[in-house]
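Undergrad:
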Amino acid sequence: MDIIANKCSGKGNGEKCLNAVTKYLDEHEIAYTVHITERVGHGKQLAAELSENGSEVIVALGGDGTFHEVLNGIDFEKSRLGFIPAGRGNDFATGTNAVSLDPIKAIETIVRGEHRDLDYIQVGDKRCINVGGTGMDVDVLLKTANSHNKLTYVASLLRCLLRFKPYHVEAEINGETKAYDCIMLGVCNGTQFGGGIKLSPLSKADDGKMDVIIMTKPKHTPTLLVMPKFVKGKHMNKPYTHHIVCESIKVTTTAPIELDGEIYYDLDFDAHIVNGGLKTFAIGES
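Residue 9 is where the sequence shown starts when you use the numbering used here, and the numbers rise one by one after that.
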């Protein structure tokens, strides 16, 4: 077992989780090697090298950003991916219920070794495990990039809503193209992002489908008043919300996009679901 760990994730939670996991493995005399990430992109590099060298089980320990990197480096024909959430938001784990937030239960799931295959979203040559999007979410991420305050994302979202100008996008689904002036457009495998904002409460990570959520500017309601419903996932039946379930979508926009909170400036927003492509482990009672 190889563990790719971001000790800095979650304001030190990464190191605490790593200590708990290695203690468990030592006590149960289970062989492992720890690989510490040292820079942005290192998790992807480590995962690629470990897969190439024949590692059968690669464990990502960190937040959704670490998961994103390891997902983009691993070769699923050679390796299976386990997760130990240790970030601030842990949106993938919380929103899919596919991974325990308890590091001991998470490593027990991996050690038990029962296989489970989930979906991921392919966007160009990048993989997305949870949520990808464009619009206001990118603006918020840019404003919170250097902050370690858990409340910053929601606070920045509030500020953005006060002066946000909608993006013009065109979305092609099943051969039909529609134009939207939207606050944001998200392609979702999981249900939430931004540390608990329930963007797509109906999403399932194993149904072979993407949930596309397109939020347009409300016509008769101040945008600011929409925020509480948006955060709690109460926006789905509102006229400013467009919900489309599909297997692929091509979005034309001049704006940057984000995948699992990582921002890309030169990536075409051409997305499709990879049904069962995420080779992981089944959560269960220990």
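Ideal placement from N, C-alpha and C gives every residue a C-beta, glycine not left out.
Using a Cβ-Cβ cut-off of 7 Å, state whether lysine 15 counts as contacting chain D.
TA: Of the chains in the structure shown, none is chain D; there is only one protein chain.
Undergrad: With DSSP collapsed to three states, give me the class of tyrosine 32.
TA: For the purposes of this step, residue 32 is taken as the residue at position 24 of the sequence shown. Residue state for tyrosine 32 is assigned as helix, using DSSP reduced to three classes.
Undergrad: Near valine 239, which residues of its chain fall below 6 Å by C-beta distance, leaving aside the five closest residues on each side in sequence?
TA: Taking the sequence shown and counting its residues from 1, one reaches residue 239 at position 231. So the list reads Ile205, once near-sequence residues are dropped.
Undergrad: Mapping DSSP to helix, strand and coil, what is valine 146?
TA: Here residue 146 is taken as the residue at index 138 of the sequence shown, counted from 1. The answer is helix: DSSP assigns valine 146 an H, G or I state.
Undergrad: In terms of DSSP beta bridges, what is glycine 141 paired with?
TA: Numbered from 1 along the sequence shown, position 133 holds the residue referred to as residue 141. Paired residue(s): Gly194, Glu266.
Undergrad: Rounding to the nearest angstrom, what Cα-Cα distance links valine 139 and isoleucine 191 in this structure?
TA: For the purposes of this step, residue 139 is identified with residue 131 of the sequence shown, where counting begins at 1. For the purposes of this step, residue 191 is identified with residue 183 of the sequence shown, where counting begins at 1. The C-alpha of isoleucine 191 is placed about 16 Å away from the C-alpha of valine 139.
Undergrad: Under three-state DSSP, which class holds serine 294?
TA: Counting from one through the sequence shown, the residue named residue 294 turns up at place 286. Reliability of the predicted coordinates at serine 294 is poor, the pLDDT of 40 falling under 50, and the value obtained from them is presented with this limitation in mind. The answer is coil: DSSP assigns serine 294 none of H, G, I, E or B.
Undergrad: Could you give the C-beta distance for aspartate 214 and aspartate 127, rounded to a whole number, given that I count them as a contact under 8 Å?
TA: Walking along the sequence shown from the start, residue 214 turns up at place 206. Walking along the sequence shown from the start, residue 127 turns up at place 119. Going by Cβ atoms, the distance from aspartate 214 to aspartate 127 rounds to 6 Å, so yes, they are a contact pair.
Undergrad: Taking its Cβ as the centre, do 16 or more other Cβ atoms sit within 10 Å of isoleucine 257, making it buried, or is it exposed?
TA: In the sequence shown, residue 257 corresponds to position 249, counting from 1. By the neighbour-count criterion, in which 16 or more other beta carbons inside 10 Å mark a residue as buried, isoleucine 257 falls on the buried side.
Undergrad: Measure from the alpha carbon of lysine 15 to the alpha carbon of each residue in Glu60, Ile44, Tyr40, Lys31, then state which is nearest.
TA: By one-based count along the sequence shown, residue 15 stands at place 7. Selected option, being the one with the closest Cα: Ile44.
Undergrad: Determine which residues share a DSSP beta bridge with glycine 4 and list them.
TA: Because the chain is modelled from 9 through 294, residue 4 falls outside the range shown and cannot be assessed.
Undergrad: Leaving aside the five residues before and after tyrosine 273 along the sequence, list all residues of the same chain whose C-beta is less than 6 Å from its C-beta, in chain order.
TA: Position 265 of the sequence shown, counted from the first residue, corresponds to residue 273. Once the five neighbours on either side are set aside, the close Cβ partners of tyrosine 273 are Pro264.
Undergrad: Do lysine 287 and arginine 120 have their C-beta atoms closer together than 7 Å?
TA: Counting from 1 along the sequence shown, the entry for residue 287 is found at position 279. Counting from 1 along the sequence shown, the entry for residue 120 is found at position 112. Against a cut-off of 7 Å, the Cβ pair of arginine 120 and lysine 287 comes out as no contact.
Undergrad: Does the Cβ-Cβ distance between lysine 217 and valine 253 come in under 7 Å?
TA: Mapped onto the sequence shown, residue 217 falls at position 209. Mapped onto the sequence shown, residue 253 falls at position 245. Cβ distance < 7 Å, so lysine 217 and valine 253 count as in contact.
Undergrad: Which residues bound the beta strand (DSSP E) around valine 42?
TA: One-based indexing of the sequence shown puts residue 42 at position 34. Here the beta strand (DSSP E) through valine 42 covers 41–44.
Undergrad: By the three-class DSSP mapping on this structure, what secondary structure does serine 256 have?
TA: By one-based count along the sequence shown, residue 256 stands at place 248. If DSSP states are grouped into helix, strand and coil, serine 256 belongs with the strands.
Undergrad: Identify the continuous alpha helix (DSSP H) that holds threonine 74 and give its terminal residues.
TA: As a position in the sequence shown, residue 74 is number 66, starting the count at 1. Threonine 74 -> alpha helix (DSSP H) spans 72–81.
Undergrad: So who's on the other strand from cysteine 136, going by DSSP bridges?
TA: The residue given as residue 136 occupies position 128 in the sequence shown. According to DSSP, cysteine 136 bridges with Ile129.
Undergrad: Which term fits leucine 58, buried or exposed, when burial requires 16 or more other beta carbons within 10 angstroms of its beta carbon?
TA: For the purposes of this step, residue 58 is taken as the residue at position 50 of the sequence shown. Leucine 58 counts as buried, since no fewer than 16 other beta carbons sit within 10 angstroms of its beta carbon.
Undergrad: Taking all protein chains shown into account, decide if alanine 39 is buried (16 or more other Cβ within 10 angstroms of its Cβ) or exposed.
TA: Looking up residue 39 in the sequence shown gives position 31. Answer is exposed; the Cβ neighbour count stays below 16.
Undergrad: Give the range of the alpha helix (DSSP H) segment to which glycine 51 is assigned.
TA: One-based indexing of the sequence shown puts residue 51 at position 43. Per DSSP, glycine 51 belongs to the alpha helix (DSSP H) from 50–60.
Undergrad: For aspartate 72, which residues from the same chain have a beta carbon less than 8 Å from its beta carbon, with the 5 sequence-adjacent residues on both sides left out?
TA: In the sequence shown, the residue the question calls residue 72 occupies position 64. The residues are Gly95, Gly97, Asn98, Asp99, Phe100, Ile137, Asn138, Asp268, Gly269.
Undergrad: Does DSSP classify leucine 286 as helix, strand or coil?
TA: Residue mapping note: residue 286 aligns to position 278 of the sequence shown, counting from 1. Leucine 286: strand per DSSP, three-state reduction.
Undergrad: Using a Cβ-Cβ cutoff of less than 7 Å, which residues in the same chain neighbour glycine 22 once the five nearest sequence positions on both sides are dropped?
TA: As a position in the sequence shown, residue 22 is number 14, starting the count at 1. Cβ neighbours of glycine 22 beyond the five flanking positions: Ala13, Asn14, Lys15, Cys16, Leu69, Gly70, Ala94.
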